[in-house]
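Participant: Quick one: structure below, then a few questions.
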Amino acid sequence: MNKNTSRRGRLAASAAAGVLLTSIAFGTTACAPQDQSNAAAAPAAVQSSAVATPSISAAPTTSPAAPIPVLPAQPATTGPILEASDPVSLQAPDVGINISLVPLGQAADGSMEIPGVKQGDPGGWYKYSPTPGQLGPSVILGHVNTESSNIGIFYRLHEMKPGQQFSVVRADNTVAVFEVDKLSEVLKATFPTLDIYGNTNRAEIRLITCDGYDPASGEFKKNTVVFGHLISSHAL
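Residues -32 to -1, 1 to 204 (mature numbering (1 follows the signal peptide of the UniProt record, and there is no 0)) are what the sequence shown spells out, left to right.
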């Protein structure tokens, strides 16, 4: 099977071609990575600057003199950091991406909502992750195909290269400019949750879509993930 077939899949699969995620903060969906190691953790809203992580419970105190546990220090932040502002659109001209964005929450079962698939646009920002430009990993999702076309809004996401720049227009009329750090193609069965959604010491972003279509099962077995970080911002 060639790469294009693997990436696009058949049209009938596009209703499940949403992108989705398993993590300590995010639920799972039909197109989610299959790693369920953290699925039992209650979905938690991200604090203002980072993806929520499991709490650390101290041992029971047996006397007033019991020592207080020492927790690891948070690394100092680096690079520019912006105040919170919801994303409105995403532009990655090197791969022909120019899309609007809508906030995505959680379904009743705790799974992540996904953008509509009939037209493939808009993409979605997971509203329990930081807004683009805040401290931590902001998460933006897009379909690789649609119900009516093999070419979805993130069809060319796999073509992005380290060093390329892309931008997010925010509701406060600022444009957050990001640079690609790396791309990863990951198996959903062994999804590296903490590597992708773990807290960071700078403003970062993850662009995610499905990949690795398996005609035998009718499912996408992989995710393509673009890792980036904020390098600058300017007024719209």
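From the three backbone atoms N, C-alpha and C, an ideal C-beta is built for every residue, glycine too.
Taking the alpha carbon of Asp163 as the reference point, which residue from Pro130, Pro105, Ala52 has its own alpha carbon closest?
Facilitator: Comparing Cα-Cα distances from Asp163 to each of Pro130, Pro105, Ala52, the minimum goes to Pro105.
Participant: One question on the structure: do Leu50 and Thr142 come within less than 8 Å of each other, judged by their Cβ atoms?
Facilitator: Closer than 8 Å, so yes.
Participant: Per DSSP, which residues does Gln74 bridge with? Please list them.
Facilitator: Per DSSP, Met80.
Participant: Rounded to the nearest angstrom, what separates Ala144 and Ala76 at their Cα positions?
Facilitator: If you take the alpha carbons of Ala144 and Ala76, they lie about 32 Å apart.
Participant: Quick one: give me the first and last residue of the alpha helix (DSSP H) that Tyr165 is part of.
Facilitator: Unbroken alpha helix (DSSP H) run through Tyr165: 161 to 165.
Participant: Do the CB positions of Tyr123 and Val107 come within less than 8 Å of each other?
Facilitator: No.
Participant: Closer than 8 Å by C-beta to Ser57: which residues in its own chain qualify, once you throw out the five before and the five after it? Chain order, please.
Facilitator: The answer, listed in chain order, is Asn66, Ile67, Ser68, Leu69, Val136, Val137.
Participant: Roughly how many whole angstroms lie between the Cα atoms of Leu204 and Asp140?
Facilitator: Answer to the nearest angstrom: the Cα atoms are 9 Å apart.
Participant: Nearest by alpha-carbon distance to Gly110: which of Lys150, His126, Phe159, Tyr96 is it?
Facilitator: It is His126.
Participant: Measuring CA to CA, which of Gly186, Gly101, Pro83, Tyr96 is closest to His202?
Facilitator: Cα-wise, what sits closest to His202 is Gly101.
Participant: In chain order, which alpha helix (DSSP H) runs of at least 4 residues are fully inside the region 136 to 163?
Facilitator: Runs found: none.
Participant: Tell me, please, which residues DSSP counts as bridged to Tyr96.
Facilitator: Answer by DSSP bridge pairing: none, since Tyr96 is not bridged.
Participant: Assign Val112 to one of three DSSP states: helix, strand, or coil.
Facilitator: Looking at Val112 - three-state DSSP - the assignment turns out to be coil, as it is neither helix nor strand.
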